[in-house]
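Report on one structure; see the data block that follows.
There are 2 protein chains.
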Amino acid sequence: MADLIPPYALPETNRRLLLARRPDGTPQPADFVRGDGPVPACGNGRFLVRNLYLSADPVQRGWAANAALTPLGAPMRALCVGVVVESRDAAVAAGEIVYGYFGWQDYAEAGREDLLSRVVAPRVPVSAYAGVLGMPGVTAWLALLDLAPPKPGDRVLVSTAAGAVGSVVGQIARQRGATVIGLTGSADKVARCTDRYGYAAAYNYKAVDLAGTLAGAAPEGFDIFFDNTGGPILDAAIRAMKRYGRIVQCGTAATASWSPPPAGPRNEREVLMRALTWSGFVIFDHVARFGEAIDALSDLMLAGHLAHDEDIEAGIDRAPDALVAMMAGTNSGKTLIYVGEG
Amino acid sequence: MADLIPPYALPETNRRLLLARRPDGTPQPADFVRGDGPVPACGNGRFLVRNLYLSADPVQRGWAANAALTPLGAPMRALCVGVVVESRDAAVAAGEIVYGYFGWQDYAEAGREDLLSRVVAPRVPVSAYAGVLGMPGVTAWLALLDLAPPKPGDRVLVSTAAGAVGSVVGQIARQRGATVIGLTGSADKVARCTDRYGYAAAYNYKAVDLAGTLAGAAPEGFDIFFDNTGGPILDAAIRAMKRYGRIVQCGTAATASWSPPPAGPRNEREVLMRALTWSGFVIFDHVARFGEAIDALSDLMLAGHLAHDEDIEAGIDRAPDALVAMMAGTNSGKTLIYVGEG
Chain A
3 MADLIPPYAL PETNRRLLLA RRPDGTPQPA DFVRGDGPVP ACGNGRFLVR
53 NLYLSADPVQ RGWAANAALT PLGAPMRALC VGVVVESRDA AVAAGEIVYG
103 YFGWQDYAEA GREDLLSRVV APRVPVSAYA GVLGMPGVTA WLALLDLAPP
153 KPGDRVLVST AAGAVGSVVG QIARQRGATV IGLTGSADKV ARCTDRYGYA
203 AAYNYKAVDL AGTLAGAAPE GFDIFFDNTG GPILDAAIRA MKRYGRIVQC
253 GTAATASWSP PPAGPRNERE VLMRALTWSG FVIFDHVARF GEAIDALSDL
303 MLAGHLAHDE DIEAGIDRAP DALVAMMAGT NSGKTLIYVG EG
Chain B
3 MADLIPPYAL PETNRRLLLA RRPDGTPQPA DFVRGDGPVP ACGNGRFLVR
53 NLYLSADPVQ RGWAANAALT PLGAPMRALC VGVVVESRDA AVAAGEIVYG
103 YFGWQDYAEA GREDLLSRVV APRVPVSAYA GVLGMPGVTA WLALLDLAPP
153 KPGDRVLVST AAGAVGSVVG QIARQRGATV IGLTGSADKV ARCTDRYGYA
203 AAYNYKAVDL AGTLAGAAPE GFDIFFDNTG GPILDAAIRA MKRYGRIVQC
253 GTAATASWSP PPAGPRNERE VLMRALTWSG FVIFDHVARF GEAIDALSDL
303 MLAGHLAHDE DIEAGIDRAP DALVAMMAGT NSGKTLIYVG EG
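For the protein sequence lines, the chains are A and B, in the order given. Whatever position you read off the first sequence (first residue = 1), add 2 for our numbering. Whatever position you read off the second sequence (first residue = 1), add 2 for our numbering.
Here is the structure:
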């Protein structure tokens, strides 16, 4: 690992993974190509970040589909944890750990608008700031507590229950006194849900009769459904809700492409007859609140009340495969790619 | 019309319209049969109601499909306005105007659990207590103001805009300073929306390109959608919502049968990306609040700020056709059947 204390001797080459073609649905490794360049110069009022961890997040499927967000030939848009190695912004110091949109590359020239959080004094290993203390963890904290704060005794259902968002939702809900049920995609993840994340029960949605399983898990219905998938899981869960239940729509991982939107059973009668409240949550509308959420989550972590797992690959060339594996659900914890070497 | 001042000389016969077979979707006239019987005796703690107006309401489609609510051979479940002609309940006086579940018949023996409202001193013609001051008007008042109170400048979209619920929603929203856009099913109803109910514009959904029309009516999107239809109107409207907009699901008139639920385009991504809040409203959960809502609506009516229209048929045998016409949208105001004759 490179010495983290500036000043650095910058290398000649900035390793980069570029988006080579527009993905058809979920990105595939062949959609990316190595295309190294020079380390960028640092503009006035800006700073240079040495990436340490590239993050692979489900939201990148949308980013890869969006030409305005990820032009062809540009480094893949990605959240990363890095260290400021040079700063021409008087308010940002070299040596700061930062988390933001630095892309799949070793070095990024960035401004404060590219940051989601600044970690002046890390309280935990810095990889956590891309996961349990990053966008996924902050999403879980704000979406659950803003839109559907659990009460003691509530039955809470979480989809992608072992994922970077779901695993934090499950733990917060249980700490608020709820009984939390998880849906996930493998026996290994079922075990992590119950052994690590405090779920009362978890089910492999690929291996069970979903309607019957949900009816058995909550005979009187779920008070809260925190949904990261949409699709058939949503269709079953909405029909297992208690009247006046709340659904948080935080992701739609089950559907690879929305143009045109796929068909499913109409759900408006369930919203009506069950008097549900179904709300969407977009974390990027809440960037100003990352600090408060990170503080709260850090307190939980340091008190030993917030388990998290990381699935860390090493080497920038591993990023496409790691993204594909994460989207397929074969990862076992927050997917990160360590690039601090070399 | 029978003299409304008790005591009455009760007739020999109670005219009744019975549900003869379980409807397949929307009830049809042949689903009902006249089956008169004796005027029921009044039990202790109960009262006898002489119906004046039978109401035809969209919710009757669900009631007719439900064997627990409307057994075959029983009078069709219906809300009605009537007068108490005999009371063995010390708290209910003969001569009171009452609104409740009295069914398609001349006389009903009822208890307080069958009442939605009691009109000790009518402030307006009593037919209004089944419409603008009845379940439809109270639904509009509570659902809009509970779940999506409009602010000045809001763009509000209303489906079944000229209907008994929609026409009240439109007027309340405009009085709160919103610009209100209506969707309805005929040129005549479009004209009533703009001439009578204060809509800034209204459109015949059968005659326009819905997506283009909604985009033109609210280029920045709708803040609120008050939906009584679901189906394709919902699918278009949800894609015309402003971010952080609110949808009130108050009815699903577009779909005649929900077993099995029909398919439509998946809408969860719209909930997510637009950060919508989509809530269902069931008026029958709010019976205790009818009084407050009727008082507020009566004040608006008496101040000349609440237009309403009634489409009144005469004679109990007209009830099935009136229900069918209302479900088909060929009525022109709240559908009532006057049965006070003979």
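Virtual Cβ for every residue (Gly too), placed ideally from N, Cα, C.
TODO: Please state if the CB of Glu315 of chain A and the CB of Gly335 of chain A are separated by a distance shorter than 8 Å.
DONE: Indexing the first sequence from 1 puts residue 335 of chain A at position 333. Indexing the first sequence from 1 puts residue 315 of chain A at position 313. Contact flag unset, no.
- [ ] Measure the alpha-carbon distance for Gly27 of chain A versus Arg63 of chain A and round it to whole angstroms.
- [x] On the first sequence, residue 27 of chain A is found 25 positions in, with the first residue counted as 1. On the first sequence, residue 63 of chain A is found 61 positions in, with the first residue counted as 1. If you take the alpha carbons of Gly27 of chain A and Arg63 of chain A, they lie about 7 Å apart.
Open item on the list: What does the alpha-carbon distance come out to for the pair Ile249 of chain A and Val273 of chain A?
Closed with: On the first sequence, residue 249 of chain A is found 247 positions in, with the first residue counted as 1. On the first sequence, residue 273 of chain A is found 271 positions in, with the first residue counted as 1. Rounded to whole angstroms, Ile249 of chain A to Val273 of chain A spans 10 Å at the Cα level.
- [ ] Let me know the secondary structure DSSP gives Asp225 of chain B once reduced to three states.
- [x] Your numbering for residue 225 of chain B matches position 223 in the second sequence. It is a strand residue.
Open item on the list: Can you check whether the C-beta of Gln251 of chain A is within less than 8 Å of a C-beta belonging to chain B?
Closed with: Here the question's residue 251 of chain A lines up with position 249 in the first sequence. Answer yes: the Cβ-Cβ gap between Gln251 of chain A and chain B drops below 8 Å somewhere.
- [ ] Pull up the distance between the alpha-carbon of Glu270 of chain B and that of Leu278 of chain B, whole angstroms please.
- [x] As a position in the second sequence, residue 270 of chain B is number 268, starting the count at 1. As a position in the second sequence, residue 278 of chain B is number 276, starting the count at 1. So the two alpha carbons sit approximately 10 Å from each other.
TODO: Could you tell me the distance, in whole angstroms, from the CA atom of Arg18 of chain A to the CA atom of Tyr340 of chain A?
DONE: For the purposes of this step, residue 18 of chain A is taken as the residue at position 16 of the first sequence. For the purposes of this step, residue 340 of chain A is taken as the residue at position 338 of the first sequence. Rounded to the nearest angstrom, the two C-alpha atoms are 14 Å apart.
Open item on the list: When you compare the CB positions of Gly233 of chain A and Ala204 of chain A, do they come within less than 8 Å of one another, or not?
Closed with: Working through the first sequence from its first residue, we reach residue 233 of chain A at position 231. Working through the first sequence from its first residue, we reach residue 204 of chain A at position 202. Going by C-beta atoms, Gly233 of chain A is not nearer than 8 Å to Ala204 of chain A.
Open item on the list: Which same chain residues end up closer than 6 Å to Ala175 of chain B when comparing Cβ atoms and leaving out the 5 residues on each side of it in sequence?
Closed with: Counting from one through the second sequence, the residue named residue 175 of chain B turns up at place 173. Only Pro152, Val158 and Val182 meet the Cβ criterion.
Open item on the list: Taking contact to mean 3 or more Cβ pairs, one atom from each stretch, closer than 8 Å, check whether the region 135–144 of chain A and the region 194–210 of chain A are in contact.
Closed with: no
- [ ] For the region 281–289 of chain A and the region 96–110 of chain A, state whether three or more C-beta atom pairs, one from each stretch, are separated by less than 8 Å.
- [x] no
TODO: Verify the CB distance criterion: does Leu212 of chain A have a CB-CB separation below 8 Å to chain B?
DONE: Position 210 of the first sequence, counting from 1, holds the residue named residue 212 of chain A. Judged by the 8 Å Cβ criterion, Leu212 of chain A is not in contact with chain B.
Task: For Gly155 of chain A, three-class secondary structure by DSSP - done: Residue numbering aside, residue 155 of chain A sits at position 153 when the first sequence is read from its first letter. Three-state result, Gly155 of chain A: coil.
TODO: Give the residues of chain B in contact with Thr254 of chain A, contact being defined as C-beta atoms less than 7 Å apart.
DONE: What you label residue 254 of chain A is simply residue 252 of the first sequence in a count that begins at 1. Glu270, Arg271 and Leu274, listed in chain order.
Task: Residue environment, Pro60 of chain A, which counts as buried when at least 16 other CB atoms sit within 10 Å - done: Looking up residue 60 of chain A in the first sequence gives position 58. Its Cβ being crowded by 16 or more others within 10 Å, Pro60 of chain A is buried.
- [ ] Report yes or no: do three or more beta-carbon pairs, one from the region 88–101 of chain A and one from the region 20–35 of chain B, lie closer than 8 Å?
- [x] no
TODO: For Val284 of chain B, go through chain A and note every residue whose CB falls closer than 9 Å to its CB, in chain order.
DONE: Start at 1 with the first residue of the second sequence, and residue 284 of chain B comes out as number 282. Neighbours of Val284 of chain B on chain A, chain order: Arg245, Leu274, Met275, Arg276 and Ala277.
- [ ] Please name the residue or residues paired with Phe49 of chain B in a DSSP beta bridge.
- [x] Against the second sequence, residue 49 of chain B aligns to sequence position 47. BP columns for Phe49 of chain B point to B:Ser89 and B:Ala112.
Task: Assigned secondary structure, Asp197 of chain B (DSSP; H/G/I helix, E/B strand, else coil) - done: Stepping through the second sequence from its first residue, residue 197 of chain B is reached at position 195. Here Asp197 of chain B sits in helix by DSSP.
TODO: Output yes if chain B places a C-beta closer than 8 Å to the C-beta of Thr15 of chain A; else output no.
DONE: Translated into the one-based positions of the first sequence, residue 15 of chain A becomes position 13. It does not: the Cβ of Thr15 of chain A has no partner Cβ on chain B nearer than 8 Å.
TODO: Give the residues of chain A in contact with Pro25 of chain B, contact being defined as C-beta atoms less than 8 Å apart.
DONE: Here residue 25 of chain B corresponds to residue number 23 of the second sequence, with the count starting at 1. Neighbours of Pro25 of chain B on chain A: none; closest Cβ ~17 Å, over 8 Å.
Open item on the list: In the DSSP output, which residue or residues are listed as bridge partners for Asn206 of chain B?
Closed with: Residue 206 of chain B sits at position 204 when you count from the first residue of the second sequence. For Asn206 of chain B, which the question treats as bridged, DSSP gives the partners B:Thr186.
TODO: Taking only the alpha-carbon atoms, compute the straight-line gap between Leu149 of chain A and Val160 of chain B and give it to the nearest angstrom.
DONE: Translated into positions along the first sequence, residue 149 of chain A becomes position 147. Translated into positions along the second sequence, residue 160 of chain B becomes position 158. The straight-line gap from Cα to Cα measures roughly 25 Å.
Task: Every unbroken beta strand (DSSP E) inside the region 98–149 of chain B [3 residues or more] - done: 99–103, 109–112 and 117–121
Task: Residues of its chain near Val171 of chain A, where Cβ-Cβ distance is below 6 Å and the 5 sequence neighbours each way are ignored - done: Mapped onto the first sequence, residue 171 of chain A falls at position 169. Excluding positions up to five away in sequence, the list reads Ala142, Leu146, Val160 and Phe228.
TODO: For Asp287 of chain B, return the contacting residues in chain A, with the cut-off set at a CB-CB distance below 9 Å.
DONE: Mapped onto the second sequence, residue 287 of chain B falls at position 285. Chain A residues near Asp287 of chain B: Arg245, Tyr246 and Ala277.
Task: Residues bridged to Pro40 of chain A [DSSP beta-bridge criterion] - done: Numbered from 1 along the first sequence, position 38 holds the residue referred to as residue 40 of chain A. Note: Pro40 of chain A sits in a beta bridge opposite A:Thr15.
- [ ] Select from A:Val35, A:Pro264 and A:Arg268 the residue whose C-alpha is nearest the C-alpha of Trp260 of chain B.
- [x] Taking the first residue of the second sequence as 1, we reach residue 260 of chain B at position 258. Among A:Val35, A:Pro264 and A:Arg268, the Cα nearest to that of Trp260 of chain B is on A:Arg268.
Task: Nearest to Gly45 of chain A (by Cα), restricted to the options A:Asn16, A:Arg114 and A:Ala70 - done: Position 43 of the first sequence holds residue 45 of chain A. Looking at the Cα atoms, A:Arg114 is the closest of the given residues.
Open item on the list: Taking the straight line between their C-alpha atoms, what separation do you get for Phe224 of chain A and Met243 of chain A?
Closed with: As a working mapping, residue 224 of chain A is identified with position 222 in the first sequence. As a working mapping, residue 243 of chain A is identified with position 241 in the first sequence. Taking the straight line joining both Cα atoms gives about 5 Å.
Task: Between the CA atoms of Thr196 of chain A and Leu20 of chain B - distance to the nearest angstrom - done: Translated into positions along the second sequence, residue 20 of chain B becomes position 18. Translated into positions along the first sequence, residue 196 of chain A becomes position 194. Rounded to whole angstroms, Leu20 of chain B to Thr196 of chain A spans 55 Å at the Cα level.
Task: Rounded distance between the beta-carbons of Leu81 of chain A and Leu345 of chain A, thought under 8 Å - done: This structure cannot settle anything about residue 345 of chain A, because the visible part of chain A is limited to 3 through 344.
Task: Short CB-CB distance (under 8 Å) between Gly165 of chain B and chain A - done: Taking the first residue of the second sequence as 1, we reach residue 165 of chain B at position 163. No, Gly165 of chain B lies away from the interface with chain A (no Cβ there is under 8 Å from its Cβ).
TODO: Would you mind reading off the limits of the alpha helix (DSSP H) that contains Arg245 of chain B?
DONE: Walking along the second sequence from the start, residue 245 of chain B turns up at place 243. Taken as a continuous stretch (DSSP letters only), Arg245 of chain B belongs to no alpha helix (DSSP H), being part of the beta strand (DSSP E) at Met243 to Gln251.
- [ ] State the beta-bridge partners of Val83 of chain A as determined by DSSP.
- [x] The residue given as residue 83 of chain A occupies position 81 in the first sequence. BP columns for Val83 of chain A point to A:Tyr55 and A:Tyr101.
Open item on the list: Quick check: the Cα distance between Gly165 of chain B and Tyr131 of chain A, rounded to an integer number of angstroms?
Closed with: Working through the second sequence from its first residue, we reach residue 165 of chain B at position 163. Working through the first sequence from its first residue, we reach residue 131 of chain A at position 129. Each residue's alpha carbon lies about 54 Å from the other.
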